[in-house]
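Asker: One structure, as structure tokens, below. Some questions next.
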Amino acid sequence: MIITSTDSTTGIATLTWDVPGSPVNVKNRAAIFSFIEAVNDVVSDSTVKGIIVTSAKRDFISGGDLYELRAARTPEAAGALVADIGACLRRLETSGKPVVAAINGSAIGGGLEVALACHHRIATDDNATRIGMPEVTLGLMPGSGGTQRLPRLIGIPRAASLLLDGKLLPVKEAHALGIVDKIVPAAELLDAARAWLLDGLVASQPWDREGYALPGDDPQSMKGRMFFMGAWPKVRRKTSPEDPAAAAILQALHHGLERGIDAGLKIEARLFAGVASSDAPA
């Protein structure tokens, strides 16, 4: 599932997603367990100085396994689908080792959540590459940090628009928004990832650094309160007991961003469990 290779000269470990028997890297339970094991190994290895996350497929990583999601009929079962990968991504970004996502194609849903947990994101310049979180269009919501890391990276209004519309962005638009840090030709992707790691940049996320503030306005500011006051009526009009995803996304943004990242991730996971176990179509 996850192929790990380590360069003993540079100390760079490369974790390559390659889900067997599938044209894309679906984030199913087997792939998640393999990724968790690989992350634990490289984070614990003192000889590893930096980490690349990439894919052997045409695209980076797609979303979760819809068959597994449909089978989760209780909040407990749905919550179990994201609890361990959520903890794994948090361990990865707080490991003290620089982590770069080498995005060799579309990063969608749970795939983008993996990339957002990396400290730097480099993507190929393929016009077919799409970046986004379309979960809401399936009656779902992100459950591995999407509603918490994306707004902490690009601000609440921009993140809310992407999360609530489920729009997939061309890679150049994702770069302009700051979701992707750099775009390179496909042949240069891994070299660019290695070069960033060897530059010895800070191995932490902005939201884990002292003095961090949300880009733009936070939920408690006047503009932040006005944003949510305007957003809630629009979201309620397209929300029903059978399809609670949009309201849950906005709630995760509103209440999760009032708190630190760890508390926000817990709020998101709880809301995801409720949405995924509802009768919403997936």
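The numbering of the sequence shown is the UniProt record's numbering, which starts it at 1 and goes up by one. Just so you know, even glycine gets a beta-carbon here, dropped at the ideal spot from N, CA and C.
(1) Below 7 Å CB to CB, which residues in the same chain sit around Ala203 once its five sequence neighbours on both sides are set aside?
(2) Taking all protein chains shown into account, decide if Ile249 is buried (16 or more other Cβ within 10 angstroms of its Cβ) or exposed.
(3) Which residue comes first and which comes last in the beta strand (DSSP E) that contains Ala13?
(4) Within a Cβ cutoff of 8 Å, which residues of the same chain sit near Thr165, ignoring the five residues on either side of it in sequence?
(5) Inspect the beta-carbon positions of Arg122 and Asp217 and report whether they are closer than 8 Å.
(6) For chain C, is any of its Cβ atoms less than 8 Å away from the one on His120?
(7) Please report the distance separating the alpha-carbon of Phe272 from that of Thr9.
(8) Nearest to Arg90 by alpha carbon, out of Ala160, Gln148, Thr4 and Pro215?
(9) Apply the 10 Å Cβ neighbour rule to Arg73 and answer buried if 16 or more other Cβ atoms are within range, or exposed otherwise.
(10) At which residues does the beta strand (DSSP E) containing Asp243 begin and terminate?
(11) If you draw a straight line from the alpha carbon of Thr94 to that of Ala78, how long is it in whole angstroms?
(12) Can you name, in chain order, every residue of its own chain whose Cβ lies under 8 Å from the Cβ of Ala31, other than the five neighbours on each side?
(13) Let me know if Asn40 comes out buried or exposed under the rule of 16 or more other beta-carbons within 10 Å of its beta-carbon.
(14) Under 8 Å by Cβ, that's how I've got Pro215 and Leu257 pegged, so tell me the actual separation to the nearest angstrom.
(15) What are the boundary residues of the alpha helix (DSSP H) that includes Leu169?
(16) Below 8 Å on the Cβ atoms is my contact criterion, and I expect Leu66 with Leu81 to pass it. Report the Cβ-Cβ distance as a whole number of Å.
(17) Which residues bound the alpha helix (DSSP H) around Ser34?
(18) Under a three-way DSSP split, which group does Asp7 fall into?
(19) Applying the criterion that 16 or more other CB atoms from any shown protein chain within 10 Å of the CB defines a buried residue, is Leu201 buried or exposed?
(20) Count the other CB atoms within 10 Å of the CB of Asp191; is the residue buried (16 or more) or exposed (fewer)?
(21) Nearest by alpha-carbon distance to Gly86: which of Asn127, Ala117 and Gly105 is it?
(22) With burial defined as no fewer than 16 other Cβ atoms inside 10 Å of the residue's Cβ, what is the status of Lys57: buried or exposed?
(23) Considering only the beta carbon of each residue, do Asp126 and Ala213 sit closer than 8 Å?
(24) In the DSSP output, what is Gly63 paired with across the bridge?
(25) Which residue marks the beginning of the beta strand (DSSP E) containing Ile51, and which one marks its end?
(26) Which residues in the same chain as Gly50 place their Cβ atom closer than 7 Å to its Cβ, once the five residues preceding and following it in sequence are excluded?
(27) Give the DSSP-derived three-state secondary structure of Lys223 in the structure shown.
Answerer: According to the structure shown:
(1) Mapped onto the sequence shown, residue 203 falls at position 203. Excluding sequence neighbours, Ala203 sits near Gly96, Lys97, Pro98 and His119.
(2) Looking up residue 249 in the sequence shown gives position 249. In this structure Ile249 is buried. Its beta-carbon is surrounded by 16 or more other beta-carbon atoms within 10 angstroms.
(3) Taking the sequence shown and counting its residues from 1, one reaches residue 13 at position 13. Membership of Ala13 in the beta strand (DSSP E) is indicated by the continuous run Ile12 to Trp17.
(4) Locating residue 165 in the sequence shown gives position 165, where the first residue counts as 1. Inspection of the sequence shows that residue 165 is occupied by Asp rather than by Thr. Once the five neighbours on either side are set aside, the close Cβ partners of Asp165 are Val136.
(5) As a position in the sequence shown, residue 122 is number 122, starting the count at 1. As a position in the sequence shown, residue 217 is number 217, starting the count at 1. Looking at the sequence provided, one finds Ile at residue 122 rather than Arg. No, the Cβ-Cβ distance between Ile122 and Asp217 is not below 8 Å.
(6) The chain inventory of the structure shown lacks chain C, comprising one protein chain alone.
(7) Within the sequence shown, numbered from 1, the residue matching residue 272 stands at position 272. Within the sequence shown, numbered from 1, the residue matching residue 9 stands at position 9. Rounded to the nearest whole angstrom, the CA to CA distance from Phe272 to Thr9 is 42 Å.
(8) On the sequence shown, position 90 is the one that residue 90 refers to. Ranking the options by Cα distance to Arg90, first place goes to Gln148.
(9) Taking the first residue of the sequence shown as position 1, residue 73 is located at position 73. By the beta-carbon neighbour count (other beta carbons within 10 angstroms, threshold 16), Arg73 is exposed.
(10) Along the sequence shown, read from residue 1 onward, the residue named residue 243 stands at position 243. From DSSP, Asp243 is part of no beta strand (DSSP E); its letter is neither H nor E.
(11) Position 94 of the sequence shown, counted from the start, is the residue given in the question as residue 94. Position 78 of the sequence shown, counted from the start, is the residue given in the question as residue 78. For Thr94 and Ala78, the distance between alpha carbons rounds to 25 Å.
(12) Locating residue 31 in the sequence shown gives position 31, where the first residue counts as 1. Excluding residues within five positions, the ones whose Cβ falls inside 8 Å are Met1, Ile2, Trp17, Val19 and Asn25.
(13) For this step, residue 40 is matched to residue 40 along the sequence shown. Counting Cβ neighbours within 10 Å, Asn40 comes out exposed, since fewer than 16 surround it.
(14) The count along the sequence shown starts at 1 and reaches residue 215 at position 215. The count along the sequence shown starts at 1 and reaches residue 257 at position 257. With a contact defined as Cβ atoms closer than 8 Å, Pro215 and Leu257 miss out at about 11 Å.
(15) Looking up residue 169 in the sequence shown gives position 169. That residue, Leu169, is in no alpha helix (DSSP H); its beta strand (DSSP E) goes Leu168 to Pro170.
(16) By 1-based counting over the sequence shown, the position of residue 66 is 66. By 1-based counting over the sequence shown, the position of residue 81 is 81. Not confirmed; about 11 Å, so no contact.
(17) The residue labelled residue 34 in the question sits at position 34 within the sequence shown. From DSSP, the alpha helix (DSSP H) with Ser34 extends over Arg29 to Ser44.
(18) Start at 1 with the first residue of the sequence shown, and residue 7 comes out as number 7. The answer is strand: DSSP assigns Asp7 an E or B state.
(19) Sequence index remark: in the sequence shown, residue 201 carries index 201 (1-based). Burial call: exposed.
(20) One-based indexing of the sequence shown puts residue 191 at position 191. Counting Cβ neighbours within 10 Å, Asp191 comes out exposed, since fewer than 16 surround it.
(21) The count along the sequence shown starts at 1 and reaches residue 86 at position 86. Out of Asn127, Ala117 and Gly105, Ala117 has the C-alpha closest to the C-alpha of Gly86.
(22) Position 57 of the sequence shown holds residue 57. Buried, by the Cβ-count rule.
(23) Here the question's residue 126 lines up with position 126 in the sequence shown. Here the question's residue 213 lines up with position 213 in the sequence shown. Going by C-beta atoms, Asp126 is not nearer than 8 Å to Ala213.
(24) For the purposes of this step, residue 63 is taken as residue 63 along the sequence shown, with counting starting at 1. The partner list for Gly63 (beta bridge, DSSP) is empty, contrary to what the question assumes.
(25) For this step, residue 51 is matched to residue 51 along the sequence shown. First-last of the beta strand (DSSP E) with Ile51: Gly50 to Ser55.
(26) In the sequence shown, counting from the first residue as 1, residue 50 sits at position 50. Only Gly11, Ile12, Lys97, Pro98 and Leu197 meet the Cβ criterion.
(27) To locate residue 223, count along the sequence shown from 1; it is residue 223. Lys223 falls in the helix class under three-state DSSP.
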